[in-house]
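Asker:
There are 2 protein chains.
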Amino acid sequence: MKALIDRIRAEGRNLGKGILKIDSILNHQIDPHLMFAMGEEMARLFAGVKIDRILTVEISGIAPALTTGYALGVPVVYARKIKPITMAGAVFMETAPSHTKGGETNLLVSTEFLKPHQNILIIDDFLATGQTLLALARIVASAECRLTGVGVVVEKSFENGRAVMHEAGYAHIPIHALATITSMDDHHIIVADA
Amino acid sequence: MKALIDRIRAEGRNLGKGILKIDSILNHQIDPHLMFAMGEEMARLFAGVKIDRILTVEISGIAPALTTGYALGVPVVYARKIKPITMAGAVFMETAPSHTKGGETNLLVSTEFLKPHQNILIIDDFLATGQTLLALARIVASAECRLTGVGVVVEKSFENGRAVMHEAGYAHIPIHALATITSMDDHHIIVADA
Numbered sequence: 279m280k281a282l283i284d285r286i287r288a289e290g291r292n293l294g295k296g297i298l299k300i301d302s303i304l305n306h307q308i309d310p311h312l313m314f315a316m317g318e319e320m321a322r323l324f325a326g327v328k329i330d331r332i333l334t335v336e337i338s339g340i341a342p343a344l345t346t347g348y349a350l351g352v353p354v355v356y357a358r359k360i361k362p363i364t365m366a367g368a369v370f371m372e373t374a375p376s377h378t379k380g381g382e383t384n385l386l387v388s389t390e391f392l393k394p395h396q397n398i399l400i401i402d403d404f405l406a407t408g409q410t411l412l413a414l415a416r417i418v419a420s421a422e423c424r425l426t427g428v429g430v431v432v433e434k435s436f437e438n439g440r441a442v443m444h445e446a447g448y449a450h451i452p453i454h455a456l457a458t459i460t461s462m463d464d465h466h467i468i469v470a471d472a
Numbered sequence: 279m280k281a282l283i284d285r286i287r288a289e290g291r292n293l294g295k296g297i298l299k300i301d302s303i304l305n306h307q308i309d310p311h312l313m314f315a316m317g318e319e320m321a322r323l324f325a326g327v328k329i330d331r332i333l334t335v336e337i338s339g340i341a342p343a344l345t346t347g348y349a350l351g352v353p354v355v356y357a358r359k360i361k362p363i364t365m366a367g368a369v370f371m372e373t374a375p376s377h378t379k380g381g382e383t384n385l386l387v388s389t390e391f392l393k394p395h396q397n398i399l400i401i402d403d404f405l406a407t408g409q410t411l412l413a414l415a416r417i418v419a420s421a422e423c424r425l426t427g428v429g430v431v432v433e434k435s436f437e438n439g440r441a442v443m444h445e446a447g448y449a450h451i452p453i454h455a456l457a458t459i460t461s462m463d464d465h466h467i468i469v470a471d472a
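Just so you know, the protein sequences line up as chains L and F, in that order. Numbering (my numbering) for the first sequence: 279 to 472. Numbering (my numbering) for the second sequence: 279 to 472.
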């Protein structure tokens, strides 16, 4: 998606160890019009795919999931990382390694909001090692729902998450990224053309 | 806002001690069309107010801030509660008591994203005791910006946050709520009519 790629090229910073700072676009400041355009692009990419509900994970997944949900006309549910006092009753819980914070992160979704036999599109900010997306996919499976697609804002293809998802049994599912970073070696940020 | 009030009356649960569970609407599941309508209603309520930027706080503030920012055509910045590895450089930091988690919560905004002399609309999910909004207002002041309005999705008027904000020097600023809960006594949820 050209508008996003241009912004990453202009504003992205390579903090080393594969950490991409694009918080002016994605996870501190939000440009609502760009975020809406991203949702429309996701809807275009997944046209023809059965989607009853979008699943994402707080915090940075919320904005792109919301705009994609708006474009597709489906509800959004976001996994919580810390159980809030308002989360009563049973939950689906999975654990993923945290990429930017270290340690493990819990992902919690109330059973109220994922009912069996729904078609689920997972939306998230990054596809890096694929571990967070796999944890979300396990929640989809636990809920007896069907994963029909995965859409991310930015894929860091050099971290091989797409191959990890293929090997985990999701090769048949469309996985789309709005921008793909092919390398972050030597302080550079190489973004593939749209 | 009638659509929101109807949903709170239908889905809200009183968990006791002033804790309102509306996570089917606001902070676990999101209905994108309702969330967009909320943003449009915020834009209508603040028509004529100078707004260059919206400030909110993760997590539940992000969705209503994004849709309000879209309706107003202004950028959104959300305060972080935990410093992410991508937050480099100086920050504005304030502390507020956490209503649903206990203890204190840090609110952090990078100085990159709040420059002096901007007109700021604060958007958040709840106005309860007012302490989080006051902490955000202190960040606005630290950044030498001007607070021109405060919009919340739900006001729990029995917790007197509006009076607290008036006493803190914000009586001249428009404060709007899309729904007002006047009482949560005796396991009831009394929502004022629109």
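Glycine included, each C-beta is placed from N, C-alpha and C at the ideal position.
So is THR460(L) buried or exposed if we call it buried at 16+ other beta carbons inside 10 Å?
Answerer: exposed
Asker: Name, going along the chain, the residues of the region 426 to 460 of chain F whose beta-carbon falls closer than 9 Å to a beta-carbon of chain L.
Answerer: none
Asker: What does a CB cutoff of less than 6 Å around MET443(F) pick up in its chain, not counting 5 residues either side in sequence?
Answerer: GLY408
Asker: Please report whether the beta-carbon of GLU319(F) lies at a distance below 8 Å from any beta-carbon of chain L.
Answerer: no
Asker: Per DSSP, which one or two residues make a beta bridge with GLN307(F)?
Answerer: VAL355(L)
Asker: Whose C-beta lies closer than 7 Å to the C-beta of PRO375(F) among residues of the same chain, with five residues either side of it excluded?
Answerer: GLU382 and GLN409
Asker: So, is ALA406(F) buried or exposed, given that buried needs 16 or more other C-beta atoms within 10 angstroms?
Answerer: buried
Asker: Against ARG358(F), what residues of chain L qualify as contacts under a CB-to-CB distance less than 7 Å, listed in chain order?
Answerer: HIS306
Asker: Could you compute how far the alpha carbon of LEU308(F) sits from the alpha carbon of VAL355(F)?
Answerer: A small correction: the amino acid at residue 308(F) is Ile; Leu does not occupy that position in the sequence shown. Rounded to whole angstroms, ILE308(F) to VAL355(F) spans 20 Å at the Cα level.
Asker: Three-state secondary structure (DSSP) at HIS466(F)?
Answerer: coil
Asker: Looking at chain L, is there any beta carbon in it that lies within less than 8 Å of the beta carbon of HIS466(F)?
Answerer: no
Asker: Report the rounded CA-to-CA distance for ASP403(F) versus ASP463(L), giving the unit in angstroms.
Answerer: 41 Å
Asker: Taking the straight line between their C-alpha atoms, what separation do you get for PRO342(L) and HIS311(L)?
Answerer: Whole-angstrom Cα-Cα distance: 11 Å.
Asker: Roughly how many angstroms separate the alpha carbons of ARG278(F) and SER302(F), rounded to a whole number?
Answerer: In the structure as shown, chain F begins at 279 and stops at 472. Residue 278(F) is therefore absent and cannot be evaluated.
Asker: Would you decide whether THR373(L) is buried or exposed? Buried here means 16 or more other CB atoms lie within 10 Å of its CB.
Answerer: exposed
Asker: Using three-state DSSP, classify LYS295(L) as helix, strand or coil.
Answerer: coil
Asker: Check whether the Cβ atoms of ALA434(F) and GLY296(F) lie closer than 8 Å to each other.
Answerer: Sequence check: residue 434(F) is Lys here, not Ala. Result yes, Cβ atoms of LYS434(F) and GLY296(F) sit closer than 8 Å.
Asker: Output, in sequence order along the chain, the residues in the region 332 to 348 of chain F whose CB is closer than 7 Å to any CB in chain L.
Answerer: Listed in sequence order: GLU336, ILE337, ILE340, ALA341, LEU344, GLY347 and TYR348.
Asker: DSSP has GLU372(F) in a bridge; who is on the other side?
Answerer: LEU385(F)
Asker: Round the Cβ separation of LEU412(F) and ALA446(F) to the nearest angstrom and send it over; I've been treating them as touching at under 8 Å.
Answerer: With 8 Å as the limit, LEU412(F) and ALA446(F) qualify as a contact, their Cβ atoms being about 6 Å apart.
Asker: Can you list, in chain order, the residues of its chain with a C-beta nearer than 7 Å to that of ASN517(L)? Leave out the 5 residues immediately preceding and following it.
Answerer: Outside the shown range of chain L, which is 279 to 472, sits residue 517(L), and nothing can be said about it.
Asker: Of all the residues that make up the region 389 to 406 of chain L, which are near chain F by a beta-carbon distance shorter than 9 Å?
Answerer: GLU390 and PHE391
Asker: Scan the region 362 to 373 of chain L for residues whose Cβ lies nearer than 9 Å to a Cβ of chain F and list them as they occur along the chain.
Answerer: PRO362, ILE363, THR364, MET365 and ALA366
Asker: Do ALA368(L) and THR334(L) come within 8 Å of each other at the CB atom, strictly closer than that value?
Answerer: no
Asker: Confirm, please, whether the CB-CB distance from MET320(F) to ILE401(F) is below 8 Å.
Answerer: Taking 8 Å as the cut-off, the beta carbon of ILE401(F) is found closer than this to the beta carbon of MET320(F).
Asker: Distance, Cα to Cα, ALA281(F) vs MET313(L)?
Answerer: 25 Å
Asker: 8 Å is my cut-off, CB to CB: does PRO476(L) come that close to chain F?
Answerer: The structure shown does not extend to residue 476(L), since chain L spans only 279 to 472, so no value can be given for it.
Asker: Does the separation of the CB atoms of ILE398(L) and THR426(L) fall below 8 Å?
Answerer: Contact annotation: ILE398(L) and THR426(L) have beta-carbon atoms nearer than 8 Å.
Asker: At what residues does the beta strand (DSSP E) containing ILE398(F) begin and finish?
Answerer: 397 to 405 is the extent of the beta strand (DSSP E) around ILE398(F).
Asker: Label ILE283(F) either buried or exposed according to how many other C-beta atoms from any shown protein chain fall within 10 Å of its C-beta, with 16 as the threshold for buried.
Answerer: buried
Asker: Note down, in chain order, each residue of its chain lying with its Cβ closer than 6 Å to the Cβ of ALA349(F), except the 5 sequence neighbours on either side.
Answerer: GLY317, GLU318 and ALA321
Asker: Please report the Cβ distance between LYS392(F) and LYS359(F), rounded to the nearest whole angstrom; I am assuming they are in contact, meaning their Cβ atoms lie under 8 Å.
Answerer: Correcting the residue identity first, residue 392(F) is Leu in this sequence and not Lys. Contact between LEU392(F) and LYS359(F) is ruled out by a C-beta separation of about 17 Å, above the 8 Å threshold.
Asker: Should PRO310(F) be flagged as near chain L, meaning a C-beta pair shorter than 8 Å?
Answerer: Yes, PRO310(F) counts as interfacial toward chain L.
Asker: If we ignore side chains and look at the alpha-carbon of each, how far apart do ILE332(F) and PRO353(F) end up?
Answerer: 6 Å
Asker: Determine whether the beta carbon atoms of ALA449(F) and LEU414(F) lie at a separation below 8 Å.
Answerer: no
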